[in-house]
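Before any comments, here is the structure.
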Amino acid sequence: LEENTTERDSDKDCLLFEFSSEPLLPCFHVQVSLTQFCNWFLLTDVLKRLKMSSRIFRARYPHLEVVSLSRAELWRQVSVSQVSSASASPYRGNNKEEEDKEEEEEGLVDLVRCVPELQRLLGSSIHIIQEDEEEEEEEEETLTNTGKPHSR
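Numbering (my numbering), first residue to last: 6 to 157.
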């Protein structure tokens, strides 16, 4: 019986809200291995927000997954997975000189996996609303909208 409950719970829809006093960093849904398809931040964006070097970040947070992906592969996946490829570009905001300089480098970009702990470090709070919570709210609305007089 517990297994069935767990399966049902995992099948339920939920809404995830992310709130922050600062603009949210761009997040890219890309595949970095055969089995792993999830959301990633550019490590450079994370480092700028946290105001720290890559070496310090990796030393303080060794459990946060950082991977390297070729710029061409990142751009290919982003252009396929995002709604608007122009605004989803990982090169957004760079001028032509910066893009040329980056292309001259190794051609790799570091990504850090988007996990709740990292989102909190970046100043975001995460709120998840489960399907059964929505049903309870709908039931409460039904009870209050039955036409019965209620005091205010």
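C-beta atoms are modelled at their ideal positions from N, C-alpha and C, and glycine is treated no differently.
Sequence-distant residues of its chain with Cβ nearer than 7 angstroms to residue i (five each side left out)
i: R54; result: L30 and L127
Own chain residues within Cβ distance below 8 angstroms of residue i, not counting five before or after
i: R125; result: I131
i: F22; result: I131, H132, I133 and I134
i: L79; result: F33, V35, P95, V114 and L116
Short Cβ contact (8 angstroms threshold) for residue i with residue j
i: F62; j: W45; result: no
i: S73; j: D18; result: no
i: S59; j: L113; result: no
Beta bridge counterpart(s) of residue i as assigned by DSSP
i: D50; result: Paired residues: none, contrary to the question.
i: D18; result: DSSP, once it has assigned bridges, lists no residue as partnering D18.
i: I61; result: Its beta-bridge partners do not exist; DSSP assigns none.
i: E23; result: I131
i: V71; result: V117
Close-in-space but distant-in-sequence residues of the same chain around residue i (CB under 6 angstroms, 5 per side omitted)
i: M57; result: none
i: S25; result: G128 and S129
i: V51; result: V117
i: A64; result: none
i: E27; result: G128
Cβ separation of residue i and residue j, assumed to be a contact under 8 angstroms, to the nearest whole Å
i: L69; j: V120; result: 7 angstroms
i: V37; j: S86; result: V37 to S86, Cβ: 13 angstroms. No contact.
Residue closest to residue i, alpha-carbon to alpha-carbon, out of the options
i: V71; options: V83, C43 and A77; result: C43
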